[in-house]
DNA sequence: GATGAATGAGCTTTCATTCAT
DNA sequence: CATGAATGAAAGCTCATTCAT
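Chains as they are written, first to last, in this note's numbering: chain F, 546 to 744; chain W, 546 to 744; chain P, 546 to 744; chain Y, 546 to 744.
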């Protein structure tokens, strides 16, 4: 029962190939990447895509889910780190490092959001709120920023760096540093607009 | 011949209607807005769109060009303002206020970039470098940020705010303030990556 | 204003070609006839089909509508004929003659039924009830059959004949005669089931 | 070799499950019912369907064959009944009662007709001719109808009744009665078209 | 100069059929 | 033998683009 059936070996491999190929293809072509191209890139038939993901949307959701869950795992660990400020910065660094920013926009623009993704997002919301609360209490971030702010700002460094045509793949680090400096208490000016509600 | 022919009057009017309708439609539907819908919104035939803009891409480029040129005009004025720091902030505020960020991403994602847009971008680059240089000399921004950084960061506030589903239309002001705080000399930490080259 | 604009001349021609080609194709291949084949048969591009009929279903509905309306016109004339029994038989003969039976099944099996078709069907229902009432009063048909019965039986002769592979195109006349004999008062046996309600 | 191997037991069971599931599925969804759904309904894998029936068409043919053979068995018994007229009516009643009409149309519309079905059809043709001959000699049916006519008319009552959306499941009895009255000698009018040849 | 009908490549999705497990 | 994963040929439909009117 618990043994991994040999039957599924190929299927599991294909699922991975498909997710990887789709992530690459979406990254290059945007949300309009065609399922046919994804299938070709994964080296499988078009029909195989739909065996694994009933809908193009489901495929997108699966990618997003993977990414969010991976981040959540990192966040959970960092909640126990000794230096709360460094932990928050590390979280944002890891987040940017997986180039999550683009993928998150997929779901945002894509039609429906399956419940699993919503669940994962709420989990991330919890985690980030925890990281921010600890950092704030420690004096590592200014008093007027919230977890919701951080989640929103999380994707900004990659987005900003993506505008440079042949940029160094680490350019986002520069903008993460600048934005993180804006989150510090030193030299903080009052914010002109209240924080958005926690989703 | 060189006089404005009466025929031209209609054409000019149609061009404006088309640009406005296209901007609205793109804002609502994203880059996938159909030419047919744009034509309908402008109250003209589909063929008229292609008389004015040989390609959907050209239409996008024209919108982007308009936006950049409008910003350039504002920037030119602000280069003569008395308070360089306030001038830079005002420029970023105006830029965000026209919700330019979305439209710029059109060109970025869209295939070709016509020479005129390149020209306008270079002009903006010059302007922003001037604004940043003055602000830096005045001690209003940290020493290690460049005009290229500002151009890249310019779209970030709207992008960040766009992730909130039913956000207040002014939410971007919050994130512009945070990012701008990150640009100030107070509490600036060394940046881990060099600035990108000026385009 | 009321003049027929030259612009639409081609469109009208294409619409007719399309309806004819679709009717032929459906008659040969059944409801599963592909839109591509219909377009090819009509000598137009695939997209043209969808310009004229937004949906395959709409195309089917248009064909059905044409057929029903043509029948209604005939029925309206026959309501004024001198011999009510002959009028009813003539109506059924005309109905079978256009091989309407198959096309009616299209709508029946096809998903949605647009309001116009419903309207035409109700009109036909009225007409047939009138024809039957007159024939009954005249003693040409048995007392226990209704208009609803006739509408249902209308398609039967063609259906029956369609089972013969290479039948004479007039074979349906034989079965219409048999069925009509079953509608006569002479030798009628009591019916074991009440008539269905008028739609 | 000739002994029934234990392996065969499962196969036979599956074949029956498959035929039943397919009949149900076709009845509900029409000829377009998918092989996957049939397999699921039968509780077997999709591959098993193709082990038993090389083609979807073969599966359809097998169902049709079963139905025809069942009818043939009934017909053979009725050939020995005392009242030839009642026997023919009973045969038609039984035929309609198994709702054979729909299934026969499957084969008619479906591409190829395997030899076995042809054989069963010929057998039925013989049987029906026998029933009709006896009824004719007995004066129960008019002189000008043949066995071929009866075979063709056999499906008509169900077909006619199927047009009523939420009809009573016995509505076909009404139309069988009307059609049978048309087959009686009383009040028969000459037929305008010769009978089709016996297949 | 403006129109919108025509076009056909391309999209997502379904499904009968094959074949490795 | 049974399974269901893989396949690829359609299917219905959309849309940027062309061109007769």
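The C-beta atom is built at its ideal place from N, Cα and C for all residues, glycine as well.
If you're wondering where the values come from, they're calculated on a predicted model, not measured in any experiment.
Asked                                                                                                                                                           : Found
Can residue 661/P and residue 610/P be called in contact, C-beta distance under 9 Å?                                                                            : yes
Between which residues of its own chain and residue 706/Y is the CB-CB distance below 7 Å, once the five residues before and five after are set aside?          : 712, 716, 717, 720
Below 9 Å on C-beta distance, what does residue 737/F contact in chain W?                                                                                       : 715, 718, 719, 721, 722
Within 10 Å of its beta-carbon, does residue 742/W have 16 or more other beta-carbons around it, so buried, or fewer, so exposed?                               : exposed
Counting only beta-carbon atoms, is residue 548/P nearer than 9 Å to chain Y?                                                                                   : In this prediction, residue 548/P scores a pLDDT of 43, lower than 50, which makes its location untrustworthy; the coordinate-derived value is nonetheless stated afterwards. No, residue 548/P does not count as interfacial toward chain Y.
Assuming the contact rule is C-beta atoms closer than 8 Å, residue 562/P and residue 588/P should be a hit. Round their C-beta distance to whole Å, please.     : 7 Å
Please report the distance separating the alpha-carbon of residue 567/P from that of residue 555/P.                                                             : 18 Å
Leaving out five residues before and five after residue 691/W in sequence, what residues of the same chain have Cβ atoms less than 7 Å from its Cβ?             : 677, 740
Within 10 Å of its beta-carbon, does residue 684/W have 16 or more other beta-carbons around it, so buried, or fewer, so exposed?                               : exposed
Name the chain W residues whose beta carbon is nearer than 7 Å to that of residue 729/F?                                                                        : 732
At the level of alpha carbons, what is the spacing between residue 581/Y and residue 682/Y?                                                                     : 51 Å
I want to see whether chain F comes within less than 9 Å of residue 701/W, judged by CB atoms only; does it?                                                    : yes
Among residues of its own chain, excluding the 5 on either side of residue 574/F, which ones have a beta-carbon nearer than 8 Å to its beta-carbon?             : 582
Are the beta-carbon atoms belonging to residue 727/F and residue 633/W less than 9 Å from one another?                                                          : no
Counting pairs of beta carbons, one from the segment 621–631 of chain W and one from the segment 592–603 of chain W, are three or more of them closer than 8 Å? : no
Compare the C-alpha of residue 667/Y against each of 598/Y, 620/Y, 709/Y and name the closest.                                                                  : 620/Y
Where does residue 618/W land, buried or exposed, given buried means 16+ other C-beta within 10 angstroms?                                                      : exposed
Kindly indicate which residue of 560/P, 737/P, 637/P has the alpha-carbon position closest to the one of residue 598/P.                                         : 560/P
If the cut is a Cβ gap below 7 Å, which residues of chain P does residue 705/Y touch?                                                                           : 697, 698, 701
Could you tell me how far apart the beta carbons of residue 703/F and residue 641/F are, in whole angstroms, since I believe they sit closer than 8 Å?          : 5 Å
What is the residue span of the alpha helix (DSSP H) that residue 701/W lies within?                                                                            : 701–706
Whose CA, out of 708/W, 710/W, 722/W, 695/W, lies closest to the CA of residue 709/F?                                                                           : 695/W
Going by other Cβ atoms of all chains shown within 10 Å of its Cβ, with 16 needed for buried, is residue 673/Y buried or exposed?                               : buried
Considering just the uninterrupted stretch of the alpha helix (DSSP H) at residue 736/Y, what are its terminal residues?                                        : Per DSSP, residue 736/Y belongs to no alpha helix (DSSP H) and is neither H nor E.
Nearest-angstrom Cα distance between residue 636/F and residue 636/W?                                                                                           : 32 Å
Can you tell me which of 639/F, 698/F, 730/F puts its alpha carbon nearest to the alpha carbon of residue 689/F?                                                : 730/F
State yes or no: is the C-beta of residue 747/W within less than 9 Å of the C-beta of residue 680/F?                                                            : Not covered by the structure: residue 747/W. The range shown for chain W is 546 to 744.
Against residue 673/W, what residues of chain F qualify as contacts under a CB-to-CB distance less than 9 Å, listed in chain order?                             : The premise fails here: residue 673/W is roughly 13 Å from chain F at the closest Cβ pair, so nothing lies under 9 Å.
Please report the straight-line C-alpha distance between residue 607/P and residue 564/P, rounded to a whole angstrom.                                          : 8 Å
Report buried or exposed for residue 687/P, applying the criterion of at least 16 other Cβ atoms within 10 angstroms of its Cβ.                                 : buried
For a quick check, are the C-beta atoms of residue 639/W and residue 624/W less than 9 Å apart?                                                                 : no
Quick one: is residue 571/Y near chain P, going by C-beta distance under 9 Å?                                                                                   : no
What three-state label does DSSP hand residue 662/F in the structure shown?                                                                                     : helix
Quick check on residue 551/Y - is its C-beta less than 9 Å from some C-beta in chain P?                                                                         : The predicted position of residue 551/Y is uncertain, since its pLDDT is 49 and thus under 50; no value can be drawn from it.
Helix, strand or coil: how does DSSP classify residue 625/Y here?                                                                                               : coil
By Cβ distance, which residues of its chain are closer than 7 Å to residue 699/Y, with the 5 residues on each side in sequence left out?                        : 637, 640
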